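This note's numbering puts the first residue of the sequence shown at 24, with every later residue one more than the last.
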Amino acid sequence: GSAPSRFPKDIDEVQTAMSAIGEYEVAASPLQMAMVAAAIQNGGVVMKPYLVERVRTTDLKVTFQAIPAPAGSDPQGQAISAETANSLREMMVAVVQQGTGRRAQVEGLEIGGKTGTAQSDRVRNPYAWFVAFASELNVAVCVFVEDAEIPADEIAGARVAAPVAKAVIEALR
C-alpha cells in the first residue's frame, strides 16, 4: 500500500504558507506528484494512473490494454482550469530553461519541472524531489531521493533529483 497524502486542517496563516510550499505537515507520494506534473502538461486534466499499459500472450496477442481515462470526481478530470495549467506549465518550462531545474534539460525537448527539498525534522536528512514533464513525449516523471548519501546542506532537488529525471526522460526518447 501507499501512504495517503496529507494537507493540515485548522491551521494559521504561517502554517498555511509553509504547507503551500510543501513544508509543515504536508505529505504526498511520488505517484501523486507525477500526476500533478502530468495534469499541468495536460491542460489541468488529471488522468487515472496505471502501472501496466499492455499485456501480451507468448504469441504477442494483446490480452489487456489500458485505456487512458480522467480520474477523480469531475467526469472530465479537470482539477484546475486550462488557463491556470498553462500558466503553471510556462513557469515550469522556465524553471528548466533558466532556473533551478537546468540540470534536467534535454537537447531538443521542451521539459518543464519543479525542484523541491523536503525537510520534516532536524534529525533526518532532507528528501530531494523533482517533478517534470516532457511535452513532446507526453510523459511526466517524479524523482524522489530519500537518502542522497551526501551532507544535508548539499541535498537539493536541483542538484540530486533533476539529473535523475533527465536520465529517465532521455531513456524514454
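Cβ atoms here follow ideal geometry from the backbone N, Cα and C, with glycine treated the same way.
Keep in mind that this is a model prediction, so the values were computed, not measured.
*Should the segment 132-145 be regarded as contacting the segment 100-107, the criterion being three or more beta carbon pairs within less than 8 Å?*
Segments in contact, no.
*Just the Cα atoms here: how many angstroms apart are THR138 and PRO31?*
Here the alpha carbons of PRO31 and THR138 stand approximately 22 Å from one another.
_Please list the terminal residues of the continuous beta strand (DSSP E) segment that includes ALA155._
First-last of the beta strand (DSSP E) with ALA155: 150-157.
*asked:* I'd like the list of long-range same chain contacts for PRO149, defined as Cβ closer than 7 Å, with 5 residues on each side in sequence excluded.
replied: Shown here for PRO149: same chain residues with a beta carbon closer than 7 Å to its own, the five before and five after excluded, namely THR140, ALA141, GLN142, ALA175 and ILE178 in chain order.
_So, with DSSP's three-state summary, where would you put PRO91?_
PRO91: coil per DSSP, three-state reduction.
*Apart from the five residues just before and just after MET41, which ones in its own chain have a Cβ nearer than 6 Å to its Cβ?*
If the five residues before and after MET41 are omitted, its C-beta is found closer than 6 Å to the C-beta atoms of TYR47, all from its own chain and listed in chain order.
*Where do the N-terminal and C-terminal ends of the alpha helix (DSSP H) with ILE63 fall, by residue?*
It spans 53-64 - the alpha helix (DSSP H) in which ILE63 sits, taken as one unbroken run.
_Exposure of GLN121, with buried meaning 16 or more beta-carbon neighbours within 10 Å_ = An exposed status is given to GLN121, since fewer than 16 other beta-carbon atoms sit within 10 Å of its beta-carbon.
*ILE134 and VAL119 closer than 8 Å at C-beta*: Contact flag set, yes.
*Count the CB pairs spanning the segment 54-64 and the segment 151-167 that are closer than 8 Å, and state whether there are at least three.*
Yes, the segment 54-64 is in contact with the segment 151-167.
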